[in-house]
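For the sequence shown, my numbering gives the first residue as 34, with consecutive numbering after it. Down below is the structure, laid out as structure tokens.
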Amino acid sequence: MRASRGYVYYLKTSGICVVVLGGCWFLYQLRQISRIIRSTYDTSVLSLEQARAQYIYVDDPQFKDIFMFRKDEDLHGPASEKPRSLSDTLARWWKEKNHKLAYKLLYMAQHGDRNERYKAVTELGALLHLKDWQYRHLAQMMDAKTAAALARMPNINSQFFLQPPYYHVQYNLNDVVEKVHSLLLSLNALCGNTHLCLTQFLSKMFKDSHRYLVEWFDHDLASVGLSMETTTVRDDDVLKSCIRAICHHSSVEQYSKHLIDAGALPILTAIQKRCSDDVEMCILLARILSNMCLHSEYLEAIYESGWIGILSRWSHSDDIRLSAQAISALMNLDRDGNEKAKYAQSVYLLYPLHRVHAATKMDVVFLHGLLGGVFVTWRQRDVATSALGVVDDNTAVETTDYLSTMADDDRPQEFFKDLARDLYLREWRKTGQDFEVVLDDCPQNTNALACGPYFCRGDDACMKNDPDSKTLCWPKDWLPVDIPSLRIIGVNYGTSLSMWTPFCPIESMKSTIKERSEEFVTKLTTANVGQRPLIWVAHSMGGLLIKKMLVEEWKTGDKHGICKNTKAILFYATPHRGSHVAALKQATQMLLWPTVEVQELREESPQLLRLHEEFLEMLNEYRIEIVSFAEAKPTLVTALKFPFQFVSLNSADPGVGEFFEIPQDHLSICKPASRQSFLYQKLLSVLRHHVNTQEDTTVLSIRNLLSMLSKLF
34 MRASRGYVYY
44 LKTSGICVVV
54 LGGCWFLYQL
64 RQISRIIRST
74 YDTSVLSLEQ
84 ARAQYIYVDD
94 PQFKDIFMFR
104 KDEDLHGPAS
114 EKPRSLSDTL
124 ARWWKEKNHK
134 LAYKLLYMAQ
144 HGDRNERYKA
154 VTELGALLHL
164 KDWQYRHLAQ
174 MMDAKTAAAL
184 ARMPNINSQF
194 FLQPPYYHVQ
204 YNLNDVVEKV
214 HSLLLSLNAL
224 CGNTHLCLTQ
234 FLSKMFKDSH
244 RYLVEWFDHD
254 LASVGLSMET
264 TTVRDDDVLK
274 SCIRAICHHS
284 SVEQYSKHLI
294 DAGALPILTA
304 IQKRCSDDVE
314 MCILLARILS
324 NMCLHSEYLE
334 AIYESGWIGI
344 LSRWSHSDDI
354 RLSAQAISAL
364 MNLDRDGNEK
374 AKYAQSVYLL
384 YPLHRVHAAT
394 KMDVVFLHGL
404 LGGVFVTWRQ
414 RDVATSALGV
424 VDDNTAVETT
434 DYLSTMADDD
444 RPQEFFKDLA
454 RDLYLREWRK
464 TGQDFEVVLD
474 DCPQNTNALA
484 CGPYFCRGDD
494 ACMKNDPDSK
504 TLCWPKDWLP
514 VDIPSLRIIG
524 VNYGTSLSMW
534 TPFCPIESMK
544 STIKERSEEF
554 VTKLTTANVG
564 QRPLIWVAHS
574 MGGLLIKKML
584 VEEWKTGDKH
594 GICKNTKAIL
604 FYATPHRGSH
614 VAALKQATQM
624 LLWPTVEVQE
634 LREESPQLLR
644 LHEEFLEMLN
654 EYRIEIVSFA
664 EAKPTLVTAL
674 KFPFQFVSLN
684 SADPGVGEFF
694 EIPQDHLSIC
704 KPASRQSFLY
714 QKLLSVLRHH
724 VNTQEDTTVL
734 SIRNLLSMLS
744 KLF
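Shown next as structure tokens:
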């Protein structure tokens, strides 16, 4: 029995081994047969009826290009795994991780909550070393909201955005003009012929509906030796005039909705492709898109037309007129990153230009004066010499002497120039602590309340100004460097001196100071102005508009919080009691026909005197710091260089706060020549004072809260 049991045990063990080994051999043979079949026949022909993808991506970083092979026989055989070094393995692992991370971030940006979306977009925009096909794949998977958020990231890769549909199609100029003409007719019909400017433009520019037919007959007559005098305008001039008409029509907010309904987006895309090198045309197109982007419900249509990528590219343009329009458009489309603010027409966000993580502590709003503009009034003043000219000359001499001692060295001269510059800067930092520099544009007279700063330390940040770099908007370029926690807004509006100038009947209804102030309050409150500490900066008539806004808000109970949050106002040559320039005789008024703006600026105008009295009453209730700069030099006007002082010292003095008489004329008093100017440093000191006060108040409130909690618990 024992021997039989041993035989049975050995038999069972042998059978199990045979079965296991046979099964493994059978599976191995099946695998080999399957590999042979797959290498012989293309099994993808079995799914021909399934939908084919437009693009096929190989999700394997080992293939640099799926169409390149080392040998021809590799096309007919299975791809063999080549031995890899440790560096290749690490590089492959990093690329695969980067690739998978991009898709995870995209999913989080599309499906996460607000904070998750914000962080995911920031990380996705910062990803580097992605392949071109990976960018293209992410762009195809992206939705409109994520694309608008990515477009506001600094240094974003343009491959995140798809090209507009049918961007490859070429249109000739006549076809584009005909499409624009049809668009204008549709816009005129959608508004019910209520915009007289558009109606008059169509009747004047396209009064001959058979213009192209006449040109065709003229061409035939010329071919047989006959010709007719033509009065037609060139098509490129007609196209630019039509774009100006569309831009003017879209400036009316209720009419800007009609452009998308009329199918304007693909037409504007074709124009952009044709006129991509024309900066003025691109500025007009950007202004049209900025007006359309006020209606965020059309985000999908704007995204599908490919304009998000174009606006992102324009937002990094060197031309500030183009970049400002594109930034405003993207800001209105990016609802997650703009704190639900809405930047209406003529309200420009000067800083921050892109998405930032730092909290905004204060708003600074700039308003220009009569015949001014955001990018005209607040530009840097041109000067013949700089305050650092002597220092630069010494630098050149020292650098030359140092280079002469190293003439026998084999290293390149650029190395010694950089070395000499570094040595000079090191010595300059040591020496700069021992002296102070008197600021440019220092006042020649002040009142008893006026205080500095009048000097700048030699090692101060303002002394590092580059004399070769010029700015077209110093609030945009200088203030963020010194105080990054600001939101800077510029308000633009059109003015005229004479009623003889053509004007739009719709816009002429808002020309008085009261009407303009009501319009600005509406636009600024939609941009969340009044929800945090606020400082106003105004030149000339812009100061009167600020006073009118604050007084009207004060009368209505300050429902928007503008008066309560206003911490300071800086007036640059504001005519509080009017200007004698506007005091015209009756015969002169009949000849010049001055506008309402000019008439309201008359010296000792009852309206201005009443406004100033109400403004002083408001200051008794709200503690607002007032700083005023007056022009002490006459302005040279006309070609004869006739000297004329636009705002007298008495009119520029509000009788409250600090008052400075600056040795500059009316046009240059708001244009500091450099960061060492008193006009800029005084504004900077006011901003720093209130920003630091706000920080101290926040810290004190947190300490009080913690002390209360400690007592309770």
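Ideal Cβ placement from N, Cα and C applies to all residues, glycine included.
Determine the extent of the alpha helix (DSSP H) in which residue i is found, giving its start and end residues.
i    : result
I546 : 546–559
K674 : Counting along the chain, K674 falls outside any alpha helix (DSSP H), and DSSP gives it neither H nor E.
H645 : 639–654
T302 : 297–307
K600 : It is not in any alpha helix (DSSP H) - K600 instead sits in the beta strand (DSSP E) that spans 599–605.
E658 : From DSSP, E658 is part of no alpha helix (DSSP H) but of the beta strand (DSSP E) over 658–664.
W587 : 574–588
F234 : 229–238
D415 : Careful: D415 lies outside any alpha helix (DSSP H) and carries neither H nor E.
V514 : 512–515
N207 : 206–223
K290 : 286–294
S684 : 682–685
Can you give me the Cβ contacts of residue i inside the same chain, cut-off strictly under 6 Å, excluding the 5 residues immediately before and after it?
i    : result
K45  : none
H328 : K290
Y288 : C224, H282
I300 : K212, L216
I49  : none
Y43  : none
N480 : F692
K556 : A377, V380
Could you say which of the options lies nearest to residue i if we only look at CA atoms?
i    : options                : result
E211 : R150, S191, A303       : A303
L183 : K556, D369, E552, V407 : D369
D208 : M175, F59, D269, N365  : D269
I343 : A494, A181, H328       : A181
L400 : C703, G55, Y42         : C703
P705 : V584, R721, F679, H572 : H572
L272 : S329, H214, H282       : H214
I659 : T555, E286, C484, V312 : C484
T599 : I657, V554, N561       : I657
G690 : F662, K674, L712, Q709 : F662
K597 : A606, L642, R35, R565  : R565
Y655 : Y605, A601, H613       : A601
P639 : A665, E650, S612       : S612
I189 : Y381, L163, L206       : L163
S309 : Y526, K373, L355, V154 : L355
I341 : M186, L229, L452, R64  : M186
S718 : A685, L603, R643       : L603
Q143 : R169, W166, M174, S120 : M174
I293 : H170, N324, F234, Q203 : N324
V285 : P476, T410, H228, D351 : H228
R414 : N561, S236, S707       : S707
V202 : N221, H170, Q305       : Q305
V670 : S701, T607, V52, W347  : S701
T589 : V554, T559, Y151       : V554
Taking the continuous beta strand (DSSP E) assigned at residue i, which residues delimit it?
i    : result
H613 : No beta strand (DSSP E) contains H613, which DSSP labels as neither H nor E.
I276 : Here I276 belongs to no beta strand (DSSP E); instead the alpha helix (DSSP H) covers 268–283.
M395 : 395–400
C489 : 488–490
E469 : 469–471
F408 : Not the beta strand (DSSP E): F408 falls in the alpha helix (DSSP H), residues 407–410.
G523 : 519–524
A691 : Here the sequence assigns Glu to residue 691, which means Ala is not the residue at that position. First-last of the beta strand (DSSP E) with E691: 691–695.
Once you ignore the five residues that flank residue i on each side, which residues in its own chain have a CB closer than 8 Å to its CB?
i    : result
P667 : P676, F677, Q678, D698
H645 : K580, H609, R610, P687
G339 : F194, L195, Q196, P197, P198, Y200, T302
L472 : P486, Y487, F488, C489, Q709, S710, F711, Q714
L206 : D268, D269, L272, R307
Going by beta carbon distance, what residues of the same chain come within less than 7 Å of residue i, once the five residues before and after it are set aside?
i    : result
L383 : C506, P508, K509, I521, I522, G523
V724 : K394, M395, I516, S518
L138 : A153, E156, L157
G575 : L400, H401, G402
So, under 8 Å CB-CB, residue i and residue j are touching, yes? Tell me the CB distance rounded to an integer number of Å.
i    : j    : result
E469 : R490 : 6 Å
Given the structure, does residue i come close to the ligand GDP, in the sense that its CB is under 7 Å from one of the ligand's heavy atoms?
i    : result
R708 : The ligand content of the structure shown is nil, which means the ligand GDP is not present either.
- prompt: What are the complete beta strand (DSSP E) segments, minimum 3 residues, inside the stretch 309–390?
  reply: 380–384
- request: Taking only runs that begin and end inside the stretch 130–194, name each unbroken alpha helix (DSSP H) of 4 or more residues, in chain order.
  value: 147–158, 165–174, 177–184
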